[in-house]
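The structure appears right after this line, and notes come after that.
Number of protein chains: 2
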Amino acid sequence: MKMHFLTSDLPHSIAELPEHVGETVTVGGWVHTHRRLGGIEFLVVRDGYAVVQVLLQNGPPRFTNETVLLVTGKVIAETRAPGGVELHDPVIQVLSHVDEPLPLSLIRPVDQAALATRLDYAPLALRHPETRRWFRVTDHLLATFRDAIRRREFVEVHTPKIIRHASEGGANVFQLDYFGRPAYLAQSPQFYKQIMVGVFGRVFEVGPAFRAEPHDTVRHLNEYTSLDVELGFIQDHRTVMALCQQVLAEMLDRPPQGWTGPWATMPSNPPVISFRQALDLLTAATGEDLRNETDLAPSHERWLGEWARRTHSSDFLFVEGYPAVKRPFYTHPDPEWPAYTRSFDLLFRGQELVTGGQRLHRYHDYLQALRVRGMDPDDFIAYLMAFRFGMPPHGGFAIGLERLVARLAGFSNVRQATLFPRDLSRLAP
Amino acid sequence: MKMHFLTSDLPHSIAELPEHVGETVTVGGWVHTHRRLGGIEFLVVRDGYAVVQVLLQNGPPRFTNETVLLVTGKVIAETRAPGGVELHDPVIQVLSHVDEPLPLSLIRPVDQAALATRLDYAPLALRHPETRRWFRVTDHLLATFRDAIRRREFVEVHTPKIIRHASEGGANVFQLDYFGRPAYLAQSPQFYKQIMVGVFGRVFEVGPAFRAEPHDTVRHLNEYTSLDVELGFIQDHRTVMALCQQVLAEMLDRPPQGWTGPWATMPSNPPVISFRQALDLLTAATGEDLRNETDLAPSHERWLGEWARRTHSSDFLFVEGYPAVKRPFYTHPDPEWPAYTRSFDLLFRGQELVTGGQRLHRYHDYLQALRVRGMDPDDFIAYLMAFRFGMPPHGGFAIGLERLVARLAGFSNVRQATLFPRDLSRLAP
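Chains as they are written, first to last, in this note's numbering: chain S, -2 to 426; chain P, -2 to 426.
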């Protein structure tokens, strides 16, 4: 048997056509639209990457939009055409007919207001060039994330999403039936990535995280993609913040090839303020005494984002030293101010993008931390085993992939950066 | 704030010490063992990558194994030492004490028979150099898979693992409680990756797959990592097989740096037989008439694996053209033999590693295929939308990551290639 691929079997990519001017090639794609310019009929054909104009000579054939075609034609340079080329003298073969008009337009600008409809029709709506291009950004950020983290010798792991205990605090977990026993969906790979620091020292995971949060907001998803990083032998959470800064700087270093549109860069020295400084700033700005708050409200984060932009010309702002009462039991306290922690959030344009920090690493500290919170160490036997048998000072962070893309794009709703979002009401498509 | 990483904050990697001969460096790691050679005491320290001997001058300090240390010392070339260097004149700082002896040895060869114990103690057992090195192979294969598939312009997607319908046939799905409604865990990203071919033409996904199969075998996991690929504008399943061959050839092209141990290569022309040829071979070999079988039993796959090795010197064997009755409804029939399909399995050393094929791509073919199987098209509205609005001939495949590593290693049980396996009885660690 002859094994060949990308030679004779598959059509050319439309994006490559400028390299084939003068040649006769075959492309495969969808009828994006018809266009009539100066008495000439064009068929605009779209593949996964780009569109090309096909010059029609014998009057327009009547293809419904999204009909799937193979078009063989001669590549002609034409500066006025999208992509700088056209296909002439086409021979067209229909691969799949479409029998009905589209329920939404893939030509007109995306109607940002009609999000619910676009999500209902996602298999079609995602084909809109304006929509799908942001998922190429997602793809690009996944690739650059892995490049950045692998260059630093982190090992990729995949840890279980089905877990025995609703572990990280108990609330907001999905329960499932595991052969007649209750089990839960992991809210994060937190425990496993820590355990794996004991094995490899530096690990990362890209995978789904499940949160049964019963609120419908523009920034929450019940299933999202988490970019998780954890490493050992750190000094404190500042080592983790420095890594986080570098990884995001490399991820955002350049947009995907040919990109036009909004982008952001991570400064080499992003501003860092403490949680208490943040409250002082907010108190001064609002006139309201916020100094006893234990967390930042979304409106506070927005204000801090604007402050960072105004005073430091930065889209990013690290806030460190959150109160222990609002952080999980494994968070390392600040030795000098034990009510506060060696933790941080990274705000991107006024919204939490990353959460991270140093974790406890001594077995007895874990026993104590669980006891203080009224949690039962027996529910954490496997996790605690890592600490019984020696763990270094360690920490890590997690980036919410959809949030990153949504903020980059300026989307008002994180669902716009999610292929098939899961929320309180949405289980399909 | 100064952002620095991998400069002053973190200890040196032990693997890098040969580049620092003559320098004084700090490494961080675990007490792997004590060693006494010719009256000299050594401490062997292990980090995530390697081990190094530390020469002790003032008698051995009594560290329990797995105690976590920072060791500052001078790097001395020593050809007889593991890695070719030793640390002399050490200054040792204990980061975490270990108070108890280990319940299993990280020094003696791995006891392959004691798998259940090793899985129970996974947070510790995974630190064994013989065990963890196979998870570096996993990491390597993930990286080379993505390199191979990205080079061919596939776009990475993450699709929902929580789904509304127990879709791909109905059986063997985990059910969960989604805000009071039933929902299910995805057995594969099959429907979504097909939908995404309509958007990008070529997509891939690396993620968990969940199978509620109620049998405990050495080759099944209830949660595993699937490397999924799907592409449009193919000729037939042979285009998919050719891509699969190329991707695996590149994944296996070279082992991780410094690797010693079993490996495999994908031939440039692996043998391909039809399902019916496979039955003929088995019938001739066993004397039993197997020509009316509709699937291959594990023992048959083993025999075929040996046959491929014997007659083609190949660890891999493609079997194509499985009976329609054993393949899912979306499988494209063979137009000449409609009881058979344009599908394939790839056997690796006599075990199914990859399943793939061409899918139906026309809307009416889907309606017909569902009707024939007594399935309700209303359960597939979003999936069918892709076909209503135009899909090219397409197909794809999925590689089971843990199976690949298990076969490569020669493990008798796929759990040996799984960090924290999920099976009928095992929900933790």
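Backbone N, C-alpha and C fix where the C-beta goes; we use that ideal spot for every residue, glycine too.
Review point. How many Å lie between S/Met248 and S/Arg147 at the Cα?
Key: CA-to-CA, the gap between S/Met248 and S/Arg147 works out to about 12 Å.
Practice item. Would you tell me roughly how many angstroms separate the C-alpha atoms of S/Gln90 and S/Glu63, rounded to the nearest one? Key: One C-alpha to the other measures close to 14 Å.
Check your understanding: When the Cα atoms are used, what is the spatial distance from P/Val152 to S/Pro252?
Key -> Here the alpha carbon of P/Val152 sits roughly 15 Å from the alpha carbon of S/Pro252.
**Study point:** Per-residue DSSP class, three states only, for P/Phe201
**Key:** Residue state, collapsed to three classes: strand.
Practice item. Out of P/Asp376, P/Pro100 and P/Ala305, point me to the one whose CA is closest to P/Leu343's CA. Key: That would be P/Ala305, whose Cα lies nearest to the Cα of P/Leu343.
Check your understanding: DSSP state of P/Thr156, grouped into three classes?
Key -> Reduced to three states, the DSSP call for P/Thr156 is coil.
Check your understanding: What is the DSSP secondary structure of P/Gln54, reduced to helix, strand or coil?
Key -> Correct three-state label for P/Gln54: coil.
Exercise for review: Please list the residues of the stretch 17 to 38 of chain S that have a C-beta atom closer than 7 Å to any C-beta atom in chain P, keeping them in chain order.
Suggested key: For the stretch 17 to 38 of chain S, residues whose beta-carbon sits nearer than 7 Å to a beta-carbon of chain P comprise Gly25 and Trp27.
Review point. Along the chain, which unbroken stretches of the beta strand (DSSP E) at least 3 residues long are found entirely within the stretch 327 to 405 of chain S?
Key: 334 to 338, 340 to 345, 348 to 356 and 391 to 397, all fully within the stretch 327 to 405 of chain S.
Point to revise | Burial state of P/Trp334 (16 or more Cβ within 10 Å) | key: P/Trp334 comes out exposed.
Review point. Unbroken beta strand (DSSP E) runs of length 3 or more, entirely within the stretch 17 to 78 of chain S: which are they?
Key: The DSSP assignment places 21 to 34, 37 to 43, 48 to 53 and 65 to 74 as complete runs of the beta strand (DSSP E) inside the stretch 17 to 78 of chain S, in order along the chain (cut-off: 3 residues).
**Study point:** S/Tyr380 versus P/Gly347, P/Ala78 and P/Phe417, residue with shortest Cα-Cα distance
**Key:** If you compare the alpha carbons of P/Gly347, P/Ala78 and P/Phe417 with that of S/Tyr380, the shortest gap goes to P/Phe417.
Point to revise | Where S/Met0 falls, given that 16 or more other Cβ within 10 Å makes a residue buried | key: The pLDDT assigned to S/Met0 is 47, lower than 50, so where the model puts this residue is not dependable; a value taken from the coordinates is nonetheless given after this. So S/Met0 counts as buried.
Point to revise | Residue-chain proximity (P/Leu123, chain S), Cβ-Cβ < 8 Å | key: Answer yes: the Cβ-Cβ gap between P/Leu123 and chain S drops below 8 Å somewhere.
Check your understanding: By Cβ distance, which residues of its chain are closer than 7 Å to P/Ala261, with the 5 residues on each side in sequence left out?
Key -> Same-chain partners within the cutoff: Leu249, Asp312 and Leu405.
Exercise for review: Compare the C-beta of P/Tyr363 against all C-beta atoms of chain S and say whether one is closer than 8 Å.
Suggested key: Not closer than 8 Å to any Cβ of chain S, the Cβ of P/Tyr363 fails to qualify, so no.
Point to revise | Supposed contact pair P/Tyr181 and P/Gln172 - C-beta distance, whole angstroms, cut 8 Å | key: Yes, P/Gln172 and P/Tyr181 are in contact; Cβ-Cβ is about 6 Å, under 8 Å.
Review point. In the DSSP assignment, what are the bridge partners of S/Tyr175?
Key: Partner residues in the beta bridge of S/Tyr175, as assigned by DSSP, are S/Arg178.
Point to revise | Proximity of S/Phe394 and S/Thr338 at Cβ, strictly below 8 Å | key: S/Phe394 is not a Cβ neighbour of S/Thr338, given a cutoff of 8 Å.
Exercise for review: Answer yes if the stretch 57 to 76 of chain P comes into contact with the stretch 94 to 101 of chain P, meaning at least three C-beta pairs across the two stretches below 8 Å, and no otherwise.
Suggested key: Touching, yes, given that three or more Cβ pairs across the two stretches are closer than 8 Å.
Point to revise | Within 8 Å, strictly: CB atoms of P/Val316 and P/Ala282 | key: No.
Practice item. Using 7 Å as the cut-off, classify the Cβ of P/Phe142 as near or not near the heavy atoms of the ligand GDP, replying yes or no. Key: As far as ligands go, the structure on display features none, and thus does not contain the ligand GDP.
Exercise for review: Within the stretch 112 to 164 of chain S, note down every full alpha helix (DSSP H) run reaching 4 residues or more, in order along the chain.
Suggested key: Every alpha helix (DSSP H) stretch that sits fully inside the stretch 112 to 164 of chain S and reaches 4 residues is listed by chain position as 112 to 117, 119 to 122 and 126 to 148.
Practice item. Take P/Arg481 as the anchor and find which of P/Ile378, P/Pro295, P/Gly45 and P/His85 has the nearest alpha-carbon. Key: For residue 481 of chain P there is no data in the structure shown, the boundaries of chain P being -2 and 426.
Exercise for review: Count the C-beta pairs between the stretch 232 to 240 of chain S and the stretch 396 to 416 of chain S that are closer than 8 Å, then say yes if the count reaches three, no if not.
Suggested key: As far as the Cβ criterion goes, the stretch 232 to 240 of chain S does not touch the stretch 396 to 416 of chain S, which means the pair count is below three.
Practice item. Per DSSP, which residues does S/Ser271 bridge with? Please list them. Key: According to DSSP, S/Ser271 bridges with S/Glu317.
Point to revise | S/Ser10 versus S/Val42 - alpha carbon distance | key: Whole-angstrom Cα-Cα distance: 11 Å.
Review point. Is the stretch 68 to 87 of chain S close to the stretch 16 to 34 of chain S, with three or more CB pairs under 8 Å?
Key: Output reads yes: the stretch 16 to 34 of chain S touches the stretch 68 to 87 of chain S.
Review point. Which residues does DSSP pair with P/Tyr221 in a beta bridge?
Key: As a beta-bridge residue in DSSP terms, P/Tyr221 pairs with P/Ala206.
Check your understanding: Is S/Ser310 helix, strand or coil when you go by DSSP?
Key -> Correct three-state label for S/Ser310: coil.
Point to revise | Contact set between the stretch 309 to 329 of chain P and chain S, restricted to residues whose Cβ is under 7 Å from the partner | key: Of all residues in the stretch 309 to 329 of chain P, none has a C-beta nearer than 7 Å to a C-beta of chain S.
Practice item. Figure out for me which residue from P/Gln50, P/Leu52, P/Glu150 and P/Thr128 has the closest Cα to the Cα of P/Gln109. Key: Nearest Cα to P/Gln109 within the set P/Gln50, P/Leu52, P/Glu150 and P/Thr128: P/Thr128.
**Study point:** DSSP beta-bridge partners of S/Gly195
**Key:** DSSP, once it has assigned bridges, lists no residue as partnering S/Gly195.
Exercise for review: Select from P/Val48, P/Val49, P/Asn169 and P/Leu357 the residue whose C-alpha is nearest the C-alpha of P/Pro211.
Suggested key: For the residues P/Val48, P/Val49, P/Asn169 and P/Leu357, the minimum Cα distance to P/Pro211 belongs to P/Asn169.
Review point. Are S/Phe207 and P/Leu121 closer than 8 Å when you measure CB to CB?
Key: Taking a C-beta distance under 8 Å as the contact criterion, S/Phe207 and P/Leu121 do not qualify as a contact pair.
Point to revise | Below-8 Å beta-carbon distance, P/Gly198 vs any chain S residue | key: Yes, contact with chain S.
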